Every structure is written in C-alpha cells, then in structure tokens.
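To keep things clear, I will list the structure first and then write my remarks on it.
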Amino acid sequence: MFDFHVTLLFLSIFIAWRWGDWRNWTLYYPTILYMIIGDLTYIFVSTNKTLWEYESPIFNGDFIELIIAFVIFPCTCLVFFALYSKVNKSSKNKIMTHIFLFLFSAIVYTSIECLSCISGFFSYHNGWSIYLSFGFNCIMFPLLLLHYKKPFWAWFVSIPLAFLIIHLFHLPFEILR
C-alpha cells in the first residue's frame, strides 16, 4: 500500500544524506529544535480545530506529524543551511541571493504540500489554504535563518506570529480560558 509520507520520509533522508551539511549539524541543532517546537506547539494548540491534516491509509495523522517533526524537519534544516552556506559564500548580492533561497525553499515546500493534497494525503480545514501555506513558508525559512543567527529575535518574532494565527483562525487555545 502506497503512502506519500513514507516516500517523503525516505526521500528527505536521502536528500539530507547526499546534500545536507552534516559536518555542522551541531551548529544547526538549536534551530532544528526551534522548528520542531513550533510544529509541536501547532499540534498542541490545534488539537480540537486543525488548520490542516495529514491523511494516510496506513498511519494516523499524529504519527505522520511526529515523522515530519522529528525526521523531515531536521533533514530540511541540514539541506537549507547547506544551500545557505553555498550561496552566502559565492554571492556578491547577498540580499537578492537570500530572497531567492527563501523563495526557492518556500516553493519546494509548498509544491510538496500541493502534490500531497492532490494525491489525497493532505487536507485543509477551517480557512487554511495552499496560499496561506506558501505565505507561511515564505516567513518560516527567513525565521530559520534568523534563529540560526539571532535566536532571541526569532522567538521575539515567532511568538506574536503564533498568537496572531491563533487569533485569526480562532484556534481554541485552552490555556487562555
């Protein structure tokens, strides 16, 4: 039985193995944890009202979320920072190169999500859409770089953004009762 997420899991591991910056993984470790914490926070906050769900004929959505958080996101960081270090060294126009890297990364992530949705392995709920995912991805990758360079400022930006999403989509943040 085919499962998109299992294929994505092995593809992510292969891409990270082949092109990830494994020599410097300890430098990226805090940012990997930042990405995982963000995802686990979404899972916690949206338990009763999801914005998106992973669909699978084999696994439940929570297990897929954990695979993504603990395997695919670390692979993403290893590859993203490998690309960042290459373009950062070779680029004369760093601002345009960074914008291109962020857009490229957001397009890749959004394309995978779109393919997953078209294939029936991903669904949107409660007002979320592919367009919002693309916008989120356009913010996420610069935040990863910001966290890598200045962790405090990444948290300073991320926490209000999280509360904005909670407010805009009326997520039941139960702790605020």
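All the letters of the sequence shown, read from the start, carry residue numbers 2 to 178 under my numbering.
Just so you know, even glycine gets a beta-carbon here, dropped at the ideal spot from N, CA and C.
As the structure is a prediction and not an experimental result, all values here were calculated from the model.
query                                                                                                         : result
Best match in Phe137, Ser134, Ser86 for proximity to Asn25 [C-alpha to C-alpha]                               : Ser86
Neighbourhood of Tyr110 by C-beta, 7 Å cutoff - its chain only, sequence neighbours within 5 removed          : Asn138
As assigned by DSSP and simplified to three states, the class of Trp129                                       : coil
Rounded separation between Trp156 and Phe74 - CA only                                                         : 18 Å
Given Leu131 as reference, the closest of Thr48, Lys151, Ile14, Glu114 once Cα atoms are compared             : What sits at residue 131 in the sequence shown is Ile, not Leu. Ranking Thr48, Lys151, Ile14, Glu114 by Cα distance to Ile131 puts Glu114 first.
Own chain, CB closer than 7 Å to Ser117, minus 5 neighbours either side, in chain order                       : Phe5, Phe123
Completely contained beta strand (DSSP E) runs for the segment 27 to 63, where each covers 3 or more residues : 53 to 55
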